[in-house]
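Once you know that position 86 of the sequence shown is 111 in my numbering, the rest is easy, because the numbers rise by one and skip nothing.
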Amino acid sequence: MSVALSAVPNASAQRADPVAVATALAEDFSLTAADHDKSGEFAAGNFEALFRSGLLGLVTAEKDGGWGEGMETTHAVITAIAKGDPSTALILAMHYSVHAAIRRGKWPAALAARVLAANGRELALLNNAQAEPGVGSPAHGGLPETTARIEGDVWVVNGRKSFVTGLPGLKWAIVLAVTTEETPRLIQLLVPLDATGITQEKAWEATGMYATASH
Numbered sequence: 026m027s028v029a030l031s032a033v034p035n036a037s038a039q040r041a042d043p044v045a046v047a048t049a050l051a052e053d054f055s056l057t058a059a060d061h062d063k064s065g066e067f068a069a070g071n072f073e074a075l076f077r078s079g080l081l082g083l084v085t086a087e088k089d090g091g092w093g094e095g096m097e098t099t100h101a102v103i104t105a106i107a108k109g110d111p112s113t114a115l116i117l118a119m120h121y122s123v124h125a126a127i128r129r130g131k132w133p134a135a136l137a138a139r140v141l142a143a144n145g146r147e148l149a150l151l152n153n154a155q156a157e158p159g160v161g162s163p164a165h166g167g168l169p170e171t172t173a174r175i176e177g178d179v180w181v182v183n184g185r186k187s188f189v190t191g192l193p194g195l196k197w198a199i200v201l202a203v204t205t206e207e208t209p210r211l212i213q214l215l216v217p218l219d220a221t222g223i224t225q226e227k228a229w230e231a232t233g234m235y236a237t238a239s240h
């Protein structure tokens with residue numbers, strides 16, 4: 026898999042009460058939640074609605090076109106969505122977690138601008154891809170088996186990841202890998218999931234949260 030690693034404000038974001046917006050959306054989501062949980066299908070329509078409402082920019086700073094909301098409101102929005110479709114709420118929470126890190130300045134500026142622009146322009150979900158079938162979560166102390174090496178001006182990444190929540194609907198995954206350099210480094214790469222060489226294997230079958238599609 027070879028991956029080669031610009032800001033538009035979210036013009037659709039309205040300064041309405043975000044919890045009220047989420048509550049109204051959740052009523053609609055509840056109508057299809059059971060069907061999605063039965064099939065394990067990613068609820069694409071839910072996220073299209075969230076994008077149109079502006080709620081995907083809830084935690085994004087106002088200067089970057091978002092709502093600029095904090096923890097209390099974000100918690101209330103996720104709770105409201107969960108009452109309609111808990112799988113949608115979990116994927117949304119993961120998306121917010123990444124964007125909160127961007128807001129705190131944890132990302133390189135150019136890369137952050139690229140992600141923020143996409144989030145305002147289109148449905149551009151992203152999440153971390155850290156756990157692996159062989160070693161589990163890095164929180165347990167193990168290094169990933171996924172490797173990354175530079176060829177020319179691109180990174181070549183090889184490995185398998187698991188439990189990537191919302192995988193079928195993601196634009197990017199933030200992949201944890203070890204470089205193949207003489208002195209290896211533990212790095213994270215923003216990988217576009219339409220890149221050549223990426224395959225998605227359906228492996229998640231958790232009852233009640235099947236539609237998180239955490240393959």
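Think of the CB as a built atom: it goes at the ideal place given N, C-alpha and C, for glycine as much as any other residue.
From a predicted model like this one, the values you see are computed outputs, not experimental measurements.
Sort out for me which residues DSSP pairs residue i with in a bridge.
i: residue 161; result: 157
i: residue 213; result: 201
i: residue 129; result: According to DSSP, residue 129 bridges with nothing at all.
i: residue 175; result: 180
i: residue 83; result: Partner(s): none; residue 83 has no beta bridge.
i: residue 152; result: 198
Can you tell me whether residue i is buried or exposed, with buried defined as 16 or more other CB within 10 angstroms of its CB?
i: residue 52; result: exposed
i: residue 99; result: buried
i: residue 128; result: buried
i: residue 89; result: buried
i: residue 106; result: buried
i: residue 158; result: exposed
i: residue 225; result: exposed
i: residue 94; result: buried
i: residue 58; result: buried
i: residue 60; result: exposed
i: residue 7; result: Given that the chain is displayed from residue 26 to residue 240, the structure contains no residue 7 and the question cannot be resolved.
i: residue 192; result: buried
My assumption, with CB atoms under 8 Å, is that residue i sits in contact with residue j. Please give the rounded CB distance.
i: residue 120; j: residue 150; result: 5 Å
i: residue 67; j: residue 238; result: 5 Å
i: residue 103; j: residue 114; result: 5 Å
i: residue 62; j: residue 233; result: 7 Å
i: residue 205; j: residue 172; result: 5 Å
i: residue 125; j: residue 44; result: Not a contact, Cβ separation roughly 18 Å.
i: residue 182; j: residue 214; result: 6 Å
Check whether the Cβ atoms of residue i and residue j lie closer than 9 Å to each other.
i: residue 163; j: residue 184; result: no
i: residue 112; j: residue 228; result: no
i: residue 216; j: residue 197; result: yes
i: residue 91; j: residue 145; result: yes
i: residue 83; j: residue 50; result: no
i: residue 54; j: residue 194; result: no
i: residue 48; j: residue 116; result: no
(request) Say whether the region 175-192 touches the region 201-219, bearing in mind that this needs 3 or more beta-carbon pairs closer than 8 Å, one atom from each stretch. (result) yes
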